[in-house]
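So the sequence shown is residues 1 to 242, counted in UniProt numbering. All C-beta atoms, glycine included, are put in the ideal place defined by N, C-alpha and C. None of these values were measured; they are calculated from a predicted model.
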Amino acid sequence: MNKVHWEGHEQIAMLMYPGMTVMDLIGPQSMFGALMGAKIHLVAKTLEPVTSDAGVTIVPTATFDTCPRDLTVLFTPGGTDGTLVAASDPVTLAFMRDRGARAKYVTSVCSGSLILGAAGLLQGYKATSHWSVRHVLADYGAIPTDARVVRDRNRVTGAGVTAGLDFGLTMLAELRDRTYAECTQLVSEYDPEPPFNAGSLKTAPPPVVKAMEDLLAGFTKQAETLAAAQAHPLRAIRQLDE
């Protein structure tokens, strides 16, 4: 086995906002937290505690103003209503554009990719998202891709919620090496054996798929409407770049 590179100095910023899906944040954060020597910044508009969709409240460690300007990784979690609010908030999008323009890696899990898209950070990139809104990425100039983790150059996006663990391990291998990621996987005992085979549209029973599509229909429609409204200025930017 090659010598493990235990120490590093990565600067990682993880966006937080009210209503985010807590597992979207905690899954990747638990993996990033295994990076010895790295500095993780939990970033929000203010230092006021941020309440997630599940009621878990987390205290930020940095604001948009105090977050380092030059980052190794810029990350955003997803959610439902809270994500759409963040994706339409000019201050949040300005922060994402600014840090995303210089970050070595621009990343997300679940519907967090909608925020990247709204910030103009996915134009021309393959990306994934939660299955209920993955198609919406096309309005942001991205190439929707059905995969657990998608990497296109320095953009790395994970699919829905639990894909954050796969995303996290992928990033550990990228930031350090495969052995480091495998050591983290082992110490985390990440060896899933789900009791049911209903974790994707391909494997879930049709009645389950229908129930979840109906439940999320309002969110999907709102995401489509927001992306369509934001698509016009993004197209103008793409035309200027061309």
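Counterpart residues of residue i in DSSP-defined beta bridges
i	result
Leu-15	Val-43
Tyr-180	None, per the DSSP bridge assignment.
Thr-63	Ala-44
Ser-108	Thr-76, Thr-157
Met-31	Bridge partners of Met-31: none, in fact.
Val-50	Ile-58
Met-20	Gly-79
Val-150	Thr-157
Segment limits, beta strand (DSSP E) that includes residue i
i	result
Ser-129	It is not in any beta strand (DSSP E) - Ser-129 carries neither H nor E in the DSSP assignment.
Reduced DSSP category for residue i - H, G, I as helix; E, B as strand; rest coil
i	result
Pro-192	coil
Arg-102	coil
Ile-237	Confidence at Ile-237 is low in this model, with a pLDDT of 49, below 50, so its placement is unreliable and the value that follows should be read with caution. Residue state, collapsed to three classes: helix.
Arg-155	strand
Gly-79	strand
Val-4	coil
Val-56	coil
Thr-220	helix
Pro-144	strand
Arg-69	coil
Thr-92	helix
Gly-37	coil
Ala-227	helix
Proximity of residue i and residue j at Cβ, strictly below 7 Å
i	j	result
Pro-60	Met-16	yes
Ile-115	Ala-87	yes
Gly-160	Cys-110	yes
Met-125	Asp-152	It is worth fixing the name first, because residue 125 is Tyr in this sequence and not Met. Closer than 7 Å, so yes.
Thr-128	Val-150	yes
Ile-12	Phe-32	yes
Tyr-140	Gly-158	no
Lys-104	Thr-72	yes
Tyr-180	Leu-169	no
Leu-122	Ala-142	yes
First and last residue of the uninterrupted alpha helix (DSSP H) at residue i
i	result
Leu-172	163-175
Asp-214	206-215
For residue j and residue i, believed in contact at Cβ under 8 Å, the rounded distance
i	j	result
Thr-80	Phe-167	That pair is no contact at about 19 Å.
Ala-223	Val-136	5 Å
Thr-83	Gly-112	7 Å
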